[in-house]
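A quick write-up on the structure given underneath.
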Amino acid sequence: MSARIATQGRLIDRSKPITFTFNGKRLHGLQGDTLASALLANDQMLVGRSYKYHRPRGILASGAEEPNALMGLGEGGKFEPNQRATTTELYDGLTARSQNHWPSLEFDVGQVNAALSRFFPAGFYYKTFMWPKSFWEKVYEPVIRQAAGLGAVPKERDADTYEYFYAFTDILVIGGGVAGLQAAKAAAQTGAKVLVLEQTPHWGGRAPVDGGTVDGEPVEAFVERTVAELSAMENVTLRTRAMGAGVYDHGYALGYERLTDHAPLLAGPRHRLWRIRAKRIITATGAIERTLSFAGNDIPGVMLASAMRDYVVNYGVAPGQRVVIATNNDDAYRTAIALKQAGIEVLRVLDARNSGGGDLMRQAHEMGIRIDCGRAIARVKGAKRVTGVSVCAHDGEGGALEEVACDAVAMSGGWSPVVHLWSHCGGKLIWDETQAHFRPDPNRPPTGADGEGFVVPAGAANGELMLDAVLSDADAAGKLAAKAIGFKPKRGKVPQGAGPEEAPMMPVWLMPARATTALRNKAFLDYQNDVKVSDVQLAAQEGYESVEHTKRYTTLGMATDQGKIANINGLAILADSLNAPIPQVGTTTFRPPYTPISMGAIAGEARGEIFQPLRRTPMHDWHDENGADWEPVGHWRRPYAYVRPGESVHDAVMREVKNTREKLGLLDASTLGKLIVKGRDAGKFLDMLYTNMMSTLKPGKCRYGLMCSENGFLIDDGVVARIDEDTFLCHTTTGGADRIHAHMEEWLQCEWWDWQVYVANVTEQFAQIAVVGPNARKLLEKLGGMDVSKDALPFMEWRDGQLAGFDVRVYRISFSGELSYEIAVPACRGRAFWDLLLKEGAEFGVMPYGTEALHIMRAEKGFIMIGDETDGTVIPQDLGLHWAISKKKDDYLGKRAQQRSHMTDPNRWKLVGLETLDGSVLPDGAYAVAEGVNENGQRNVQGRVTSTYFSPTLGRGIAMGLVLHGPDRMGEVLEFPGTDGKAFKAKIVSPVFYDKDGEKQNV
Amino acid sequence: MLILQCPYCGIDAEETELAPGGEAHLKRHGPGSSDEDFHDYLFARENPRGVHFERWRHANGCGKWFHAARDTATLEVFGTYPAQTTEPPKEIRDAITARRPGWRWREFS
Amino acid sequence: MSDAVSALKGASFDGLVRVEECGLQGMITLRGDLSNRAVAKAATSVSGQKMPGQNRANVAGESGICWMSPDELLVLVPYSEAGAAVEKMTATLGKVHSLAVNVSDARAVFRLSGPAARDVLAKLCPVDLSPEAFGPGQFRRTRLAQVPAAFWMDDAETFRIVCFRSVAQYVFDLLKAAAHPAAAVGYHTSVGG
C-alpha cells in the first residue's frame, strides 16, 4: 500500500493541493509532485500494460529513464501520447490516461498475450505471419495494426507554438547536479561564457537525496550556495527544465527547454529548441541505476532502489509499507536507511555479495535492519502488485529458502554512467571492470573541426560515483575545458566532498547466478519492449552474435527509452551466452535525442502562415481579392485563374482564354526571373550558357534562348534582351531565377574567373505585366507617353519609355501568340500600374488571366514549357528546336554532351502535337502503346503526353507529346490507355494548333 | 552540423548558410574530348574515407564559391580557400600533411 | 509618385520589441573592384558615407554603404534619389568594369528595436548576437529562418533587417512570432527568461 508520509517531501508544498484525473478518476496531489509521485501517493500501483505481453506494469524509476509509466496527457489540440509520468510536473487539472490496454487498465484483453508468451519470444515476427500469403492483407495486418504501438495518435492539430533560439557560448554544461554546478563554476571563474542546462526543475541532481557533505556542510547547502553564485555571474546562464538533447559536429548541441508543460495555461511557446554552438561541452549527465534480472522484476511495486528513496525523500511518498531490498552494491543501503528513517518497515536487505558491504551496511545494521548476505530474490510474487518474494541463495539455481510477504521491492544492480551525449558525436567508451560499467574513454573523445576533442565528461557521467571524486573531477573538467579555449583557470580551493566508504560492487547479470529457464523467462531486461533474459539467450543460440543484430532481433534498447536501464544488463547476458568478455561484445550506437522531444520543437516556428516563405508579387492582394485560385510555383503563389461567383475554375479558365484572344488580357508575369549580365565578356559568357548565339544580339532586340546542363539536358529557357554594348537582361522561368543566377555565378567564379562579367538578380525590382490581345496596343496608346506602334516597337524588341507617367521598359514578346507587350515597372508602383491598366482597359474588355489560360494559349501555339515538355531528360533536338542551337559556336554548356551517341540517336522520341479523334482531352502523362510486351509483361510504349488541355479556342482537346519518329508520322493514329479502362485514340499532328503563321503576334 | 570559414568574408558559416557543390578541382572536358574523359568529368567522383576536397557556396551569405579540405570520416577541417584555382594551394596541402602525413587525393599530395 | 508603396506599407507590431516595416528605402547594388578609386567614389559620393571594410556598414538614417562581398556593395540613399544616384554612379564609373543597378523596389526593410532585440533576432538567425560579437558598425548576411537576409545595428538596441520584397509578409510574421510578449528568452539581456 503506497501512501504519503507526513514527515518527508523536500520538493512538495503541502499548502498547495492539486486535483488531477487519471483514467477518468479524480485524484489529489500537491504542488511539486510529478504525476508519478502523485499516482503513488494515491496508491495507484498499476500504470500501464507492457507492449507485447500486456503485463501489468508499475512505476520503476523516478526520472527520464522510466520505461513503464507512459501516459497520454491532455486533450484535443494539447493531447500528447507516451509522456513519462516521472518527468511530468503535476498541475491543477492535468488529465492522464494509461496506454496499451483494452477495455481498461485493470481488465485488459491483451493479457492473453502473456498466457501465450511461449509463442511470442524474441524474433517471432520474423518467423510468423507469413503463411498463408493471402492472410497477410485481410487477417494479420489489420490485427497487427490494431495491436501495434503504445500510445494513441493525436487527432487534432497541435494547439501550441514553438520556437528556436540560436545560442553561442564558450562552454556548455549539460547537467545541473553537483558535478555540473562545480564544473560550471570552475569554468565561469576563468571568464568564459557558460550555459548550464538541467533537465529537471531542480538543481543538485541526486546529491540532496543521497547525502554527504561538502567542506563540512550538508551537500544541499553547497548546491544552494553554488547556484546563487552562478546566478550572480554575468557570464553564466542557468536554465532548468532544459534537457541537453544531442551533441553534434563542430560543437553543435541541441537543448530542449520546456516552457509551459508544467503550467499549460501560460501564454507563449510551449517548447524552445536551443540550437547551441559551444567551443567545449561538459557532459555532467550523471548515472542511471540498473535493475537486477530476477523473475518478476517487472511486477508493479518493484522499483529501482534509488527511485524508491527519491519518492520517499523528495515527495514524501512510500511506495510500500513492508519493503524487501535486493542489491549487489552499497548504494542500495541508502534506500534502506532513508526508508527506515521515514518509518517504513524494511523487512530484509538481500545482499548478493557473500561479504556484504561497507559503512552504509553497518549503518543500516545499527538501525536494526536485517541484512542477509549471499542472498537473492528467486522470484517476486503477485500479479497487479507485489505480494511477496521467494528468497534463495544467489550462488544457486533459485531453490526457495524462504517466502517473505511484502508489498514493495527495491533493487539495485549497479550504476551506469550516462554516456549518451559523449557518444552521439563519436566518443568511444571503455569498460570499467571494477564498477562493471562503460564510461567515456578519455583518449577517444568526439573531435571537432580542429581534430581536437570538444566534449569533457564530468562526475558520475565520467565513472566517478563517490562525492569527493565527483567534485574534484568536475572541477578539473571545468578548468580543462576553459583552458583548452584560451582562458586561464584560477588557482583555488576545490570543494572537498565526504561520504561513507563503499565496498566494491559485485557484477550480477542474472539473479540467482544459475537461474532456471522458467525463472529466466520472467526476468525482464527491456521493460518497454518486453525483452527478457531468455530472449537474449535465444538470440545468441540462434547465431546472433553481434550486439547490433541482437538488438534488432530482440528489440532490446529500441523503445522510446533507448535502453537506458536495459542496455548493459542485456549486453552482459549476450556476452555470457557467447562466452566473451563484455568489452569484446561492445555497445550499440547512442543516437540523439537523449529522450524523445516534441515534433513541434523540431519544427520551431515553421507552421501555419510561416510554415514556408511564401513569395508574393506586388499585385498579390488584388489577385486575392478578385477570386484568384492560387497555384504554388515553388514558393511563389500565382493565380491559376480568377474565379467569379457562380463559375467553376474550368469555366474561368475558358473565359480567360477566349477573352484574351478576342479582346484584352492582363497577366502578372512578375515572378519570371530577370538577371542583368554586364561586362566586356558578357556576350562571350552568354554564348557559353545558351545554345543560341547571344553575342550577336543587337541593342534593343530580344531573342528566345535555351539553356542546357553540361549533361546536355534542357534546364531553362527565356527571352534575352540586349540592353547596350556591355549589358544583357536575361529572363528565366519562375522557378529558374535563383537557380540560374547561382548557375551563372558558379561558372564565373569557378571556371571562367578571369572573364569580366558581373551578374545581378533584379527579378524583384520590377513588377512585370503582360498586356495581351488584339486590343493591347489600343490600351497602351490610350495611356500615352511612348510610341508603341509596330514600326516603333516591332515584335521581339524592347524600349524604355513612359506610359501614363510611369517609367517602363516594354518588351514585345509573346507566349500566347497574341499581340503582346510585357511591361516592367518598378515594383513599388506595380500595383498602381496594374490598377490603372484595369481601369483604362475596361472599355477594351480587359480581364486578368491566370497561369492555366497562359498554358493553354501557349500550347495552342506549340510553344514548349520547361517542366512539361522537359523533365530533365529532354534535349532541344527532341523538341524540334534546332533553330535555337547555334552551329557557329565551338562550345557551349551541353554541346559535348549532345554529341554522345544516345543523344544523336534517331530513335529518341520527338515533339509532336496530338489530337484525339473524338475531341476529348488526353490524360496527363498518358503513354502511347506499341505492339507487344516487354520482359516484365508490360505493354511496349512509343510515346507520351507532355501537356494536355481543353482548348476553348478550338473547341476540343489538344496535347503535345514526345513520340518515336513523331515528326515523320504525321496523321498516324496512336492509342493511349487511360487509367479507368478507357483508351484514347489520337492523331499525330503539328504542335502548332492555332495561327500557324504567327500572324497575330506580329502585328 | 559543420562550420566552414568562408575565405571571402571571413565568416564562420554554419552548414545552413552554405550550399554544397560536390567535388573540387574537376577538370572540364568539352567538345573534342574523348567519351571516356567526358564521362569521367560528368560522373566519376572521388569517394574517400579521409582527406577530401569539395566545393561550397556561401549561399546565405556573401554568395561566393570556395573550396574546403576536410576529412570525410571525422569532419576535421584542414582549411578553406578561394575557388579561383585549379589546385589546392601550398598552405592547404601543408596543413593537411601536418595532420595526415602521406595523404593522397587524386593527383595531389 | 504617391502611388509608390513599400511591400507592407509601414506595418508594425509591439511585443517583446517593436517590429516595423521601414517603408521606401533607396538601394543600389554596386559591383566592382572595391579597391578601385572610381568604384569607391561612386559609392561614397551618393551616400555621403565612408567606404566600409569587410562585414561592415556605415549607415546614417537613409544613407549608407554596406559591404556585401569582396566585389559588391549595397549603397543606401533616400528612395526618391535612387534613380539619379544610379545615373551619377554610372557616370563616375565610366569605363571601369562595374555594375550599378537600382534594387530599391526589390527589397523590404524592417526595424527591430528595444532592449530584447538581440534575443528576438537570435530566434531566427544562426549568428552570435552577443554585444561582444555583434554591434553597431557591423554588417551580416545570413539566413533568417528560411530566407536570405542581411542586417546591421543602428544603435545598441536597434537592428535594421533587409530581405527580398516577395517574402516581406513572411519575414514580418516571423519577427512578430519571435517578439511574442510571452516569449522572452533572457539570454542576451536580463529582460525576462
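Residue numbers (numbering that gives the first Met the number 0), protein chains in the order written: chain A, 0 to 1002; chain B, 0 to 108; chain C, 0 to 192. Just so you know, even glycine gets a beta-carbon here, dropped at the ideal spot from N, CA and C.
- [ ] Leaving out five residues on either side along the sequence, give the residues of the same chain with a beta carbon under 8 Å from the beta carbon of Asp-202(C).
- [x] Lying before the first or after the last residue shown, residue 202(C) is absent from chain C, which here runs from 0 to 192.
Task: Listed by chain order, chain A residues near Asp-127(C) by CB distance under 7 Å - done: Phe-167
Open item on the list: Suppose the cutoff is 7 Å on Cβ atoms and the five residues either side in sequence are ignored; what does the same chain contact list for Trp-635(A) look like?
Closed with: Arg-614, Thr-670, Thr-733
- [ ] Could you confirm whether any beta carbon from chain B is found closer than 9 Å to the beta carbon of Met-152(C)?
- [x] no
- [ ] Would you check if the distance between the CB atom of Ala-60(A) and the CB atom of Met-302(A) is smaller than 9 Å?
- [x] yes
Open item on the list: Looking at chain C, is there any beta carbon in it that lies within less than 9 Å of the beta carbon of Pro-617(A)?
Closed with: yes
Open item on the list: So that I know if they touch, is there some Cβ in chain C lying closer than 9 Å to that of Gly-9(B)?
Closed with: yes
Open item on the list: Measuring straight from C-alpha to C-alpha, what distance separates Tyr-948(A) and Arg-654(A)?
Closed with: 14 Å
- [ ] Below 7 Å CB to CB, which residues in the same chain sit around Thr-978(A) once its five sequence neighbours on both sides are set aside?
- [x] Pro-922
Open item on the list: Tell me the rounded alpha-carbon separation between Gly-192(C) and Leu-174(C).
Closed with: Any answer about Gly-192(C) is weak, because its pLDDT of 46 lies below 50 and its placement is not dependable; what the coordinates show is given next. If you take the alpha carbons of Gly-192(C) and Leu-174(C), they lie about 18 Å apart.
Task: Extent of the continuous beta strand (DSSP E) to which Pro-80(A) belongs - done: 79-83
Open item on the list: Between Thr-141(C) and chain B, is the shortest Cβ-Cβ distance under 9 Å, so that the two count as touching?
Closed with: yes
Open item on the list: On the CB-based measure, 16 or more other CB atoms within 10 Å of its CB, does Ser-133(A) come out buried or exposed?
Closed with: exposed
TODO: Would you list the one or two residues that DSSP bridges to Lys-673(A)?
DONE: His-730(A)
- [ ] Note the first and the last residue of the continuous alpha helix (DSSP H) segment covering Gln-740(A).
- [x] Note that residue 740(A) is His in the sequence shown, not Gln. Residues 736-749.
- [ ] Output the distance between the C-alpha atoms of His-187(C) and Asp-169(A), rounded to the nearest integer angstrom.
- [x] 14 Å
Task: Rounded C-alpha distance that separates Arg-224(A) from Leu-180(A) - done: 10 Å
TODO: Measure the C-alpha to C-alpha separation of Cys-124(C) and Ala-144(C) and round it to an integer number of angstroms.
DONE: 6 Å
- [ ] Could you run through the segment 36-54 of chain C and flag, in chain order, every residue whose CB is less than 8 Å away from some CB of chain B?
- [x] Gln-53, Asn-54
- [ ] Report yes or no: is there a C-beta of chain B within less than 9 Å of the C-beta of Asn-710(A)?
- [x] yes
Task: Under the three-state DSSP convention, the category Trp-151(C) falls into - done: strand
Open item on the list: For His-96(C) and Gly-682(A), which I take to be in contact (beta-carbon distance under 8 Å), what is that distance rounded to the nearest angstrom?
Closed with: Actually they are not in contact, since the Cβ atoms of His-96(C) and Gly-682(A) sit about 14 Å apart, beyond 8 Å.
- [ ] Go through its chain and collect everything with a Cβ distance to Val-756(A)'s Cβ below 6 Å, but skip five positions before and after it.
- [x] Gly-678, Asp-680, Ala-681, Phe-684, Leu-747
- [ ] Please check if any C-beta of chain C sits within less than 9 Å of the C-beta of Glu-75(B).
- [x] no
Open item on the list: With a threshold of 9 Å between beta-carbons, can Glu-624(A) be considered close to chain B, or not?
Closed with: no
Task: Neighbour list for Leu-37(B) in chain A, Cβ cutoff strictly below 7 Å - done: For clarity, residue 37(B) is Phe in the given sequence; the question names Leu instead. In chain order: Arg-895.
Open item on the list: Quick check on DSSP: helix, strand or coil for Glu-661(A)?
Closed with: helix
TODO: Would you give the residue range spanned by the alpha helix (DSSP H) that Gln-181(A) belongs to?
DONE: 177-187
Task: Paired residues, beta bridge with Ile-160(C) - DSSP - done: Phe-109(C), Phe-150(C)
TODO: Compute every distance between the C-beta of Met-557(A) and the non-hydrogen atoms of the ligand HEM, then say whether any falls below 8 Å.
DONE: Ligands displayed in this structure: none; no statement on the ligand HEM is therefore possible.
Task: Residue interval of the beta strand (DSSP E) (run including Asp-1088(A)) - done: With chain A represented from 0 up to 1002, any question about residue 1088(A) goes unanswered, as that position is not in the structure.
Open item on the list: Quick check on Gln-748(A) - is its C-beta less than 9 Å from some C-beta in chain B?
Closed with: yes
- [ ] Counting only runs of 4+ residues fully inside the segment 608-658 of chain A, write out the alpha helix (DSSP H) ranges in chain order.
- [x] 619-624
TODO: Kindly indicate which residue of Gly-387(A), Thr-6(A), Ala-823(A), Ala-741(A) has the alpha-carbon position closest to the one of Arg-347(A).
DONE: Gly-387(A)
Task: Same chain only: Cβ atoms within 6 Å of Ile-863(A), ignoring 5 sequence neighbours per side - done: Leu-878
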